[in-house]
Every structure is written in structure tokens, then in C-alpha cells.
Amino acid sequence: MPSLFASYLRVYEPLTAFDRERQSFWRRYVNEGRAIAPLEGPVRQRTAVIEALGAGWTRLPDLPDEAYVLETDDSLLVCPWNLRVRVAEAALSARDGVPSVLADAFVPPILAGQAKAVVEDWRSGARVLEHGVPRVHEQIATWGVPLRWFVLFEAQERHLVTDPARRALRYRTEISKARRRSSRALSVLRKSIGEAPITEAVEEAARWLEEFHPRSVVELDYGGLVQLLPDETLAADDSTELVAAGLAGLSRGEAEEASAAYDKLVARWRAVQLLERCN
Numbered sequence: 208m209p210s211l212f213a214s215y216l217r218v219y220e221p222l223t224a225f226d227r228e229r230q231s232f233w234r235r236y237v238n239e240g241r242a243i244a245p246l247e248g249p250v251r252q253r254t255a256v257i258e259a260l261g262a263g264w265t266r267l268p269d270l271p272d273e274a275y276v277l278e279t280d281d282s283l284l285v286c287p288w289n290l291r292v293r294v295a296e297a298a299l300s301a302r303d304g305v306p307s308v309l310a311d312a313f314v315p316p317i318l319a320g321q322a323k324a325v326v327e328d329w330r331s332g333a334r335v336l337e338h339g340v341p342r343v344h345e346q347i348a349t350w351g352v353p354l355r356w357f358v359l360f361e362a363q364e365r366h367l368v369t370d371p372a373r374r375a376l377r378y379r380t381e382i383s384k385a386r387r388r389s390s391r392a393l394s395v396l397r398k399s400i401g402e403a404p405i406t407e408a409v410e411e412a413a414r415w416l417e418e419f420h421p422r423s424v425v426e427l428d429y430g431g432l433v434q435l436l437p438d439e440t441l442a443a444d445d446s447t448e449l450v451a452a453g454l455a456g457l458s459r460g461e462a463e464e465a466s467a468a469y470d471k472l473v474a475r476w477r478a479v480q481l482l483e484r485c486n
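According to the working numbering, the residues represented by the sequence shown are 208 to 486, in order.
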């Protein structure tokens, strides 16, 4: 379930990325005015999951088929929530590395079995043959923004709204640009520092982007994090520039320059993460 203090990386795909049945569904969905704004989405997702699960994790329910929508002059792009699959994956992840007694108490075996069946059905078999490779369109990070996400964007793609009623900070770019940037970053990291955790993280992001239609749009949304930061801090946020500066320093072999940019970036987001302990 998404935290209220979370950031989001989303991919919006054009209708042509979906099979005919889903194209018709999403057209009706938009025409009926059912699309949900990103500002409202996280709370709606959280509420839907809590209400569907009831008092305990005893079953894996059906969840609403919702999406975020972008409408441009010549196309309609959709970012499906895929809530049922995400809840199933979360249930299985919650059992990883936990003693069986605790795992069974938190996620009962009957629920784990249902979750495994949902995930396996979604990722394999006839469903894939009929509908194509399944994709999770939204990634969530609580109490911060993963540094690898900033690799995908440039400063001019930022959109900041400080109106209290619709406060938001988002980046949006074409997926082709995001792919090129992740590819360049991966090349620099491999040559300069090798197979380090940051290299693996950027590689994971690059692989994820390859799953989507080439005319998709990628969005980084600061989500509820904007409620933790004053307007002045949001306006001065240069995280994408710091990432670019760090990569440029590595590409030139200037380790001190790269390290300075990285340290500044880590310190900034560590300060946000520490707010979780104050909550």
C-alpha cells in the first residue's frame, strides 16, 4: 500500500500498447470521466486496498481497475494501477527473509498461495500469449526519491506547482529520451566504477523502461514528499543537475567533482528520510 510520503515513477503508454479489449475499456473509462488525478491517486489506492482486504490478510480480493491518464493533442496515454498484482507481489515480498512463524502470522499461507497464483498467471502462460508481456506501470519509493530515477530526466522537464490546493513537483519526458539517458549513465558507471550497487540500480531502471511502448511518457512525481518541503526548497531542488554533474565528472575522470555532487545529493535526501523517524 502506498505511503502518503512517497514518490512515484510512472510510465504512461499509448492505447496502441494494449490489446483491443483493453483499448476499448480505457476509452470508455476516460469518456465516462473516471480517470483519477495523481494528487488523489495514492489515497484512493490505499483506501481501496484496505477496504478490500478487510480486517486481516485472509484473502486476495479483486481490486478496482483504475489508471492515471494523460491526454495530449493527438493521443491518449494510460498508466494502469494493476493493484491486485501489486498487492500479490507485496504479500510475497513480505515473506522473504522472514522466519516462517512470523511470515505465516503476517501473510497466512492461504493468502500467499493465492498471491503466487495471481503473479504466476499474470506473468506466464496463455495470458501472456493473448495479451502480451505484462507490465507494472508504477514504481513507489517511500520517504525519498531513488537517485537512479533522476538519471532519466533533465532540469527543463520539471514542473512545479506551489498552489496549496494542488501542490506538486513532477518531471515528464519521452521514454526514448529516458532510455538514452539511462544507457549513457550505465556506460559511464560501468567504465568508471564497475558493477557497484548504483550501476546495478541504473541497469534495473533501464531494463524496466525497455518493457514499454516506444511512444510512452515517463513521469517522476514527488507525490506526498512535497508536503514535507517548503516552497523555497522545492524551487531550489537541483537533484537532476547534481546527478548529471556527477556523471559528467566520472566520464572525465574527475573523481572529486563526482564525489562532491554525490555527497550533496545523498545528504539532501537523507535529511528527508530522517523525517520518517520524527513522524
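Glycine included, each C-beta is placed from N, C-alpha and C at the ideal position.
Note that the structure is a prediction, hence the values are computed from the model and not measured.
For the putative contact between residue i and residue j, defined by C-beta atoms under 8 Å, what is the C-beta separation to the nearest angstrom?
{"i": "Val-358", "j": "Arg-388", "result": "6 Å"}
{"i": "Leu-482", "j": "Leu-449", "result": "Actually they are not in contact, since the Cβ atoms of Leu-482 and Leu-449 sit about 20 Å apart, beyond 8 Å."}
Quick check: the Cα distance between residue i and residue j, rounded to an integer number of angstroms?
{"i": "Asp-269", "j": "Ala-413", "result": "31 Å"}
{"i": "Ala-403", "j": "Arg-235", "result": "46 Å"}
{"i": "Thr-369", "j": "Asp-438", "result": "7 Å"}
{"i": "Lys-398", "j": "Gln-363", "result": "28 Å"}
{"i": "Ala-478", "j": "Ala-452", "result": "21 Å"}
{"i": "Pro-271", "j": "His-344", "result": "16 Å"}
{"i": "Ser-282", "j": "Val-308", "result": "51 Å"}
{"i": "Glu-461", "j": "Ala-467", "result": "10 Å"}
{"i": "Glu-337", "j": "Arg-365", "result": "Bear in mind that a pLDDT of 49 at Glu-337, under 50, signals an unreliable position, so the model cannot answer this."}
Would you list the residues sitting across from residue i in a DSSP beta bridge?
{"i": "Gln-346", "result": "Leu-216"}
{"i": "Thr-254", "result": "According to DSSP, which records beta bridges pairwise, Thr-254 is partnered with nothing at all."}
{"i": "Glu-381", "result": "Val-424"}
{"i": "Arg-365", "result": "Tyr-378"}
{"i": "Glu-278", "result": "Leu-283"}
{"i": "Pro-221", "result": "Leu-284"}
Could you name the residues of the same chain whose beta carbon sits closer than 7 Å to that of residue i, not counting the 5 residues immediately before and after it, in chain order?
{"i": "Trp-476", "result": "Gly-351 and Val-352"}
{"i": "Phe-360", "result": "Tyr-378, Thr-380, Leu-427 and Thr-447"}
{"i": "Glu-278", "result": "none"}
Ignore the nearest five residues each way along the sequence and tell me which others in residue i's own chain have a CB closer than 6 Å to its CB.
{"i": "Gln-230", "result": "Leu-222"}
{"i": "Ser-204", "result": "In the structure displayed, the chain extends from 208 to 486; residue 204 sits before or after that span and is not available."}
{"i": "Gln-346", "result": "Leu-216"}
{"i": "Leu-290", "result": "Leu-270"}
{"i": "Glu-464", "result": "Gly-456"}
{"i": "Leu-454", "result": "Ala-392 and Val-395"}
{"i": "Tyr-469", "result": "Gly-453"}
Exercise for the section: Could you say if the segment 435-454 and the segment 232-252 meet the contact criterion of at least three C-beta pairs nearer than 8 Å? Expected result: Not touching, per the Cβ criterion.
Exercise for the section: Decide yes or no for the touch test of the segment 417-431 against the segment 374-386: beta carbon pairs closer than 8 Å, at least 3 of them. Expected result: yes
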